[in-house]
Structures are given as C-alpha cells and as structure tokens.
Amino acid sequence: MAAQFAAEATLRRVHAAQKDDDMPPIEAILTPLEAELKLACQEIAKLQDDNRALDCLTKQKEAALLEEENKILDRLHHQKVAEVEKLSQTVRELEEAVLAGGAAANAVRDYQRKVQEMNEERKILDREHVKQVNHTQELRFLFGNNSSATWFPFLPIE
1 MAAQFAAEAT LRRVHAAQKD DDMPPIEAIL TPLEAELKLA CQEIAKLQDD
51 NRALDCLTKQ KEAALLEEEN KILDRLHHQK VAEVEKLSQT VRELEEAVLA
101 GGAAANAVRD YQRKVQEMNE ERKILDREHV KQVNHTQELR FLFGNNSSAT
151 WFPFLPIE
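See the structure below:
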C-alpha cells in the first residue's frame with residue numbers, strides 16, 4: 001500500500017516535472033517503480049499466505065485444546081456423578097438407620113411402658129395379697145385354728 005502511494009506520488013511529480021525539458025523519459029522512471037511495486041505485491045501475497053497458514057494452525061491448536069478440555073471436563077463430570085451416587089447411597093443408608101433407630105426407640109418405649117404397667121399391676125396385686133393375708137389372719141383369730149378346720153377347710157393351720 002505504502003509503495004503504491006509512493007509510486008503515485010512519484011508519477012504526479014513526474015507529470016508536473018514533464019513540463020521541464022531536462023527530465024528523462026517517463027518510461028525510464030516508471031519501469032523501476034513498477035518492478036518495485038510488483039515485488040511489494042508479491043511480498044504482500046506471501047505475508048497473506050503466511051497469515052492464513054498461521055490462522056489455520058491457530059484454529060487447529062484451539063480445536064485440540066478444546067477437545068482436551070472437554071475430555072477433562074467429561075472425566076470430572078463422571079467423577080462428580082459417581083461421588084454424588086455414593087453420597088446418595090450413604091444418605092439412603094443413614095435414613096434407613098435413623099428410621100430403624102426410631103423404630104427401636106419406639107419399641108424400647110413400648111417395653112418400658114409395659115414394664116411400668118406390669119409393675120403397677122404387681123403393686124396392686126401385692127396390696128390385695130396383703131389385704132387377703134390380713135383378712136385370713138383376722139378370720140383365724142375370730143374362729144380359732146381348731147374350729148376353723150371344719151368351717152374353713154381351705155385355710156392352712158399353722
């Protein structure tokens with residue numbers, strides 16, 4: 001581009017200077033400039049080819065990097081999925097343990113309640129037994145041991 005502008009500027013100077021008779025012919029000035037312009041165009045074409053090749057190479061490298069990144073992310077994803085599955089299984093097991101613990105705690109409370117009820121019944125039965133023993137002794141005292149054998153054959157004689 002710069003070479004082209006320089007060539008055009010030179011041409012303008014040449015045309016302006018043509019009015020002078022001392023100037024060499026225009027072909028003598030233009031031929032080296034055209035050769036220089038042709039070389040500059042070839043250099044530009046080479047640079048553009050190099051640029052395209054670099055772009056292509058850059059795109060290939062980016063694609064390879066993205067592919068590797070995707071592989072790594074995929075592996076990480078699989079690891080996380082496996083970890084989540086393990087944790088989910090652990091949570092299920094813990095939930096089952098909590099439920100089983102709750103059921104066991106309920107069973108223990110039921111047994112404790114039953115034992116308490118049985119102790120209360122035993123106390124009631126003990127009180128009634130004591131009452132019966134006292135009543136029996138009162139009857140023995142009232143009727144005497146000898147005569148009680150005929151009247152109360154079921155009472156033991158001491």
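Here the sequence shown is numbered in the UniProt record's numbering, starting from 1 and rising by one per residue. Built from N, CA and C at the ideal position, the CB exists for glycine as well. All values reported here derive from a predicted model rather than from experimental measurement.
query: Given this structure, state the Cα-to-Cα distance separating Ala63 from His78, to the nearest angstrom.; result: 22 Å
query: Are the C-beta of Glu120 and some C-beta of chain C separated by less than 8 Å?; result: Reference to chain C is not applicable here, since this structure consists of a single protein chain.
query: If you draw a straight line from the alpha carbon of Cys56 to that of Asp50, how long is it in whole angstroms?; result: 10 Å
query: Do you know offhand how far Ala105's Cα is from Lys114's?; result: 14 Å
query: Would you report the Cα separation of Gln137 and Leu125, rounded to the nearest angstrom?; result: 18 Å
query: Please confirm whether Glu36 and Ala2 have their CB atoms less than 8 Å apart.; result: no
query: Quick check: Ile29 and Thr58, are their CB atoms within less than 8 Å of each other?; result: no
query: For Gly144, does the three-state DSSP call read helix, strand or coil?; result: coil
query: Using a Cβ-Cβ cut-off of 7 Å (strictly less than) and excluding sequence neighbours within five positions of Ala7, which residues of its own chain qualify?; result: Leu33, Leu37
query: Got a sec? Which residues, its chain only, sit under 6 Å from Lys71 by beta carbon, not counting five neighbours each side?; result: none
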